[in-house]
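Q:
There are 2 protein chains.
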Amino acid sequence: MAVSLKDIAERAGVSLATVSNVVNGYRPVGERTRQRVQQAVDELGYSPNLSARHLRRGRTGLIALAIPELNNPYFAELAEIAIREAAGLGYTLVMENTAADREAELLLLDGSRRHIIDGLIFSPVRIGRAEVLARTADSPLVLIGEGVHDVPHDHIAIDNVAASHAAIQHLVGIGRRRIAFIGAADGGDRQSAHLRLRGYREALAAAGLPYRPGLVAPTREFGRRDGEQAMRDLLALDEPPDAVFGYNDLVAIGALRALTEAGHRAPRDVAVIGIDDIEEGRFSNPTLTTIAPDKEAIGRLAVRRLVARIEGTQVTAPLTVQTPFRLICRESTSAGR
Amino acid sequence: MAVSLKDIAERAGVSLATVSNVVNGYRPVGERTRQRVQQAVDELGYSPNLSARHLRRGRTGLIALAIPELNNPYFAELAEIAIREAAGLGYTLVMENTAADREAELLLLDGSRRHIIDGLIFSPVRIGRAEVLARTADSPLVLIGEGVHDVPHDHIAIDNVAASHAAIQHLVGIGRRRIAFIGAADGGDRQSAHLRLRGYREALAAAGLPYRPGLVAPTREFGRRDGEQAMRDLLALDEPPDAVFGYNDLVAIGALRALTEAGHRAPRDVAVIGIDDIEEGRFSNPTLTTIAPDKEAIGRLAVRRLVARIEGTQVTAPLTVQTPFRLICRESTSAGR
DNA sequence: TACCACCTCTATAACGTTATACAGGTGGTG
DNA sequence: CACCACCTGTATAACGTTATAGAGGTGGTA
Numbered sequence: 013m014a015v016s017l018k019d020i021a022e023r024a025g026v027s028l029a030t031v032s033n034v035v036n037g038y039r040p041v042g043e044r045t046r047q048r049v050q051q052a053v054d055e056l057g058y059s060p061n062l063s064a065r066h067l068r069r070g071r072t073g074l075i076a077l078a079i080p081e082l083n084n085p086y087f088a089e090l091a092e093i094a095i096r097e098a099a100g101l102g103y104t105l106v107m108e109n110t111a112a113d114r115e116a117e118l119l120l121l122d123g124s125r126r127h128i129i130d131g132l133i134f135s136p137v138r139i140g141r142a143e144v145l146a147r148t149a150d151s152p153l154v155l156i157g158e159g160v161h162d163v164p165h166d167h168i169a170i171d172n173v174a175a176s177h178a179a180i181q182h183l184v185g186i187g188r189r190r191i192a193f194i195g196a197a198d199g200g201d202r203q204s205a206h207l208r209l210r211g212y213r214e215a216l217a218a219a220g221l222p223y224r225p226g227l228v229a230p231t232r233e234f235g236r237r238d239g240e241q242a243m244r245d246l247l248a249l250d251e252p253p254d255a256v257f258g259y260n261d262l263v264a265i266g267a268l269r270a271l272t273e274a275g276h277r278a279p280r281d282v283a284v285i286g287i288d289d290i291e292e293g294r295f296s297n298p299t300l301t302t303i304a305p306d307k308e309a310i311g312r313l314a315v316r317r318l319v320a321r322i323e324g325t326q327v328t329a330p331l332t333v334q335t336p337f338r339l340i341c342r343e344s345t346s347a348g349r
Numbered sequence: 013m014a015v016s017l018k019d020i021a022e023r024a025g026v027s028l029a030t031v032s033n034v035v036n037g038y039r040p041v042g043e044r045t046r047q048r049v050q051q052a053v054d055e056l057g058y059s060p061n062l063s064a065r066h067l068r069r070g071r072t073g074l075i076a077l078a079i080p081e082l083n084n085p086y087f088a089e090l091a092e093i094a095i096r097e098a099a100g101l102g103y104t105l106v107m108e109n110t111a112a113d114r115e116a117e118l119l120l121l122d123g124s125r126r127h128i129i130d131g132l133i134f135s136p137v138r139i140g141r142a143e144v145l146a147r148t149a150d151s152p153l154v155l156i157g158e159g160v161h162d163v164p165h166d167h168i169a170i171d172n173v174a175a176s177h178a179a180i181q182h183l184v185g186i187g188r189r190r191i192a193f194i195g196a197a198d199g200g201d202r203q204s205a206h207l208r209l210r211g212y213r214e215a216l217a218a219a220g221l222p223y224r225p226g227l228v229a230p231t232r233e234f235g236r237r238d239g240e241q242a243m244r245d246l247l248a249l250d251e252p253p254d255a256v257f258g259y260n261d262l263v264a265i266g267a268l269r270a271l272t273e274a275g276h277r278a279p280r281d282v283a284v285i286g287i288d289d290i291e292e293g294r295f296s297n298p299t300l301t302t303i304a305p306d307k308e309a310i311g312r313l314a315v316r317r318l319v320a321r322i323e324g325t326q327v328t329a330p331l332t333v334q335t336p337f338r339l340i341c342r343e344s345t346s347a348g349r
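Residue numbers (my numbering), protein chains in the order written: chain E, 13 to 349; chain F, 13 to 349.
Here is the structure:
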């Protein structure tokens with residue numbers, strides 16, 4: 013059933029190697045022969061067996077993007093950008109969902125899948141520096157997000173401290189004084205949660221506001237549900253907050269929901285801001301103010317660096333890039349309501 | 013760098029074949045030898061080369077799920093379920109985004125990627141019966157959704173006509189009479205849009221309501237933005253609708269946004285219902301009434317049938333399964349507001 | 001004419017794995 | 001003791017591809 017080089021070679025009456033050369037353009041082939049071969053290829057509908065090609069050549073043209081939460085739109089949007097960029101460079105990007113599971117992350121880093129891809133863009137959350145250093149696979153690795161630092165790989169992330177700082181500054185700017193943070197990490201992982209908490213504290217200090225541990229709500233995960241529950245708890249405080257900074261947009265949207273259900277209104281009673289700029293926040297009611305990372309830059313840069321490493325055109329030392337972000341002010345913090 | 017069977021064999025002082033037998037458990041190996049080999053495997057950190065294995069065995073353990081919109085949460089949620097089910101059966105599922113692009117769909121069906129996966133779960137929207145029939149790849153294919161019918165492959169979908177009928181029935185039941193439909197397909201593709209339109213018309217007729225073409229709003233795509241624009245247009249009519257049925261939840265959420273912006277309220281002025289039961293609709297304001305397909309059933313069934321075909325345990329004729337759905341009534345259609 | 005350079009094309013050895021066929025040893029049975 | 005069955009392990013040929021070395025032919029130059 014499957015058509016192989018051999019079938020083409022027989023049909024065209026040439027050798028295996030010649031067909032390969034026509035298909036890959038690796039070495040010049042005479043015009044007459046080339047046409048005969050091409051015709052056979054078209055007629056039989058040949059497409060090369062990637063496994064065999066990989067085995068021989070060491071490249072599949074496949075790269076993977078590994079993310080911790082498939083149903084977080086932030087990653088879906090990022091993936092879409094990365095897929096486009098990869099296609100433009102002649103690569104196919106496959107998505108892998110680690111589901112924030114440690115075993116899944118380890119497997120991805122060093123498991124059997126590594127043999128099938130040319131390189132990996134990875135957003136780790138459950139493994140640390142040691143695991144990345146212990147990796148034996150030799151395909152290039154580009155890290156995104158805050159999971160792991162100080163490893164010999166390219167690394168792309170936003171400045172989480174600064175981003176979080178900007179969010180708080182905005183809330184302070186619209187006159188809020190009791191500012192809560194939803195989405196502190198419970199365990200030791202989720203480095204970005206720590207960094208965003210740090211930015212939160214720094215910004216409070218800079219604004220001359222006290223740091224109140226009671227206004228910091230840890231969550232187990234970072235979905236809408238977690239934000240909703242945390243917001244309910246915050247509303248039950250003797251002195252509830254007048255503003256909330258969500259670890260990400262999903263958490264913030266959950267908080268919005270809890271406010272609505274409790275009969276409060278944002279931003280009148282509580283202003284809400286998130287991070288990620290997912291499309292959902294442009295359509296929520298109220299629309300969500302957010303810190304927008306430059307997803308386009310992150311996605312494209314990650315793919316470009318990975319491909320550069322794969323093709324060996326980039327032999328410089330590992331590079332760490334901080335991509336820009338900007339504040340997008342929408343209804344959930346704007347006074348006009 | 014990469015550790016191969018040969019390295020293990022040398023280290024353990026046995027033959028290549030024996031190592032392979034230990035790793036695969038294909039044939040019995042003496043206890044002493046097995047332990048020596050296992051130790052070498054652990055020490056050197058061996059993991060089999062999938063390309064080579066595939067080349068020899070014809071299986072990679074990889075299956076693909078191809079969806080038309082990565083940033084539609086419906087597919088993300090479905091993917092998450094399918095990934096879990098696949099893992100439970102010993103397979104790795106990779107996601108492919110066709111972005112509703114015809115070329116991408118064709119490539120997936122018959123391109124070089126086919127050599128690297130054992131089977132494909134496919135939700136086609138731009139190709140039809142002819143293209144599927146012309147496929148030459150011999151790995152199993154399971155179709156989901158309404159894209160293609162009457163082909164010799166397993167097929168899983170909900171009954172779109174009935175689902176749409178149920179949605180309209182609900183709107184009629186709460187007393188609405190001018191019911192709009194957002195998300196009719198513009199072109200000839202998107203079979204499910206046609207089916208949902210048919211259910212809409214049937215239900216109107218069954219309720220003794222007239223079919224008003226002016227209340228049917230075609231959209232180019234099926235995102236929040238499309239729903240928002242369509243709703244705006246509907247509100248500009250001389251006699252705007254008192255209820256809206258969205259092709260999917262995203263469209264319905266866009267409609268909700270347009271209502272809010274125009275100063276209307278759902279369900280008081282216009283009731284809104286969608287299809288898909290994405291998590292976002294449980295947190296929107298108002299929360300979104302929806303027809304919930306049994307995503308768990310679809311995802312698990314699709315994977316199970318595919319794996320059965322791959323492993324040849326299922327040699328029955330192609331099966332078409334209609335999975336159940338149910339109405340989930342939330343704020344956007346419930347009177348208490 | 002003799003020689004070399006060049007241009008096409010071909011034969012073949014890998015890549016890492018698994019299935020097949022077989023070799024050697026041990027124990028049991030007639 | 002002869003024979004067979006069985007168990008454990010091995011050598012080897014594929015799978016489809018590409019890189020390397022080289023074969024054969026043509027044309028140009030000394």
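Idealized CB from N, CA, C, for every residue including glycine.
Predicted model, so just to flag it, every value in this text is computed and none were measured.
Mapping DSSP to helix, strand and coil, what is F/T110?
A: It is coil, neither helix nor strand.
Q: Tell me the residue span of the alpha helix (DSSP H) that contains E/R237.
A: 236 to 247
Q: Mind checking which residues open and close the alpha helix (DSSP H) that includes E/R338?
A: That residue, E/R338, is in no alpha helix (DSSP H); its beta strand (DSSP E) goes 337 to 340.
Q: If we define contact as Cβ-Cβ less than 8 Å, is E/L28 a contact residue for chain F?
A: no
Q: With distances taken between CB atoms, is the gap from F/R236 to F/L262 smaller than 8 Å?
A: Taking C-beta atoms as the reference points, F/R236 and F/L262 count as a pair closer than 8 Å.
Q: For the stretch 79 to 100 of chain E, which residues have a beta carbon sitting closer than 7 Å to at least one beta carbon of chain F?
A: L82, N83, P85, A88, E89, A91, E92, I95
Q: Cβ of E/F234 within 7 Å of any heavy atom in the ligand NAP?
A: Annotation note on the ligand NAP: not contained in the displayed structure, which lists no ligands.
Q: I want to know whether the stretch 78 to 93 of chain E touches the stretch 42 to 49 of chain E - three or more CB-CB distances under 8 Å.
A: no
Q: Buried or exposed, going by whether 16 or more other CB atoms sit within 10 Å of the CB of F/L249?
A: So F/L249 ends up on the exposed side.
Q: Would you mind telling me which residues of chain E sit closer than 9 Å to F/T332, beta carbon to beta carbon, in chain order?
A: Result: empty, since nearest Cβ-Cβ is about 25 Å, beyond 9 Å.
Q: Do you know offhand how far F/R210's Cα is from F/G185's?
A: Rounded to the nearest angstrom, the two C-alpha atoms are 19 Å apart.
Q: Can you list, in chain order, the residues of its chain whose CB lies under 6 Å from that of F/R244, leaving out five sequence neighbours each side?
A: A270
Q: My output table needs one value for E/R85: the three-state DSSP class, helix, strand or coil.
A: Inspection of the sequence shows that residue 85 of chain E is occupied by Pro rather than by Arg. In the structure shown, E/P85 sits in a helix (DSSP, three-state: H, G or I).
Q: Any Cβ of chain F within less than 8 Å of the Cβ of E/M243?
A: no
Q: Could you say which of E/Y223, E/H127, E/A169 lies nearest to F/A14 if we only look at CA atoms?
A: E/H127
Q: When you check each C-beta in the stretch 113 to 136 of chain F against every C-beta of chain E, which residues fall closer than 8 Å?
A: Cβ contacts with chain E: D122, G123, S124, R125, R126, H127, I128.
Q: Starting from E/I265 and walking both ways along the alpha helix (DSSP H), at which residues does that stretch end?
A: 261 to 273
Q: Quick check on this structure: which residue in F/A88, F/P136, F/E108 has the alpha carbon closest to the alpha carbon of E/R96?
A: F/E108
Q: Which word fits E/Y58, buried or exposed, when buried means at least 16 other C-beta atoms lie within 10 angstroms of its C-beta?
A: E/Y58 counts as buried, since no fewer than 16 other beta carbons sit within 10 angstroms of its beta carbon.
Q: Counting only the same chain and skipping the five closest in sequence on each side, list residues whose C-beta sits under 6 Å from that of F/V31.
A: L17, I20, A21, V49
Q: With 16 as the cutoff for other CB atoms within 10 Å, does E/R141 come out buried or exposed?
A: exposed
Q: Of all the beta strand (DSSP E) runs that stay within the bounds of the stretch 146 to 233 of chain F, which reach a length of 3 or more residues?
A: 153 to 156, 166 to 170, 191 to 197, 228 to 231
Q: Three Cβ pairs or more, each shorter than 8 Å: is that satisfied between the stretch 152 to 166 of chain E and the stretch 317 to 329 of chain E?
A: Taking a cut-off of 8 Å on C-beta distances, the stretch 152 to 166 of chain E touches the stretch 317 to 329 of chain E, as three or more cross pairs fall below it.
Q: Taking Cβ-Cβ distances below 7 Å as the criterion, which residues of the stretch 209 to 235 of chain E are in contact with chain F?
A: none
Q: Looking at chain E, is there any beta carbon in it that lies within less than 8 Å of the beta carbon of F/V106?
A: yes
Q: Classify F/N36: buried if its beta carbon has 16 or more other beta carbons within 10 angstroms, exposed otherwise.
A: exposed
Q: Report the neighbours of E/A64 on chain F: residues whose CB is nearer than 7 Å to its CB, in chain order.
A: L67
Q: Hey, out of E/L56, E/G157, E/L246, E/A78, whose CA is closest to E/P225's CA?
A: E/L246
Q: For E/S59, go through chain F and note every residue whose CB falls closer than 8 Å to its CB, in chain order.
A: D122, G123, S124, R126, H127
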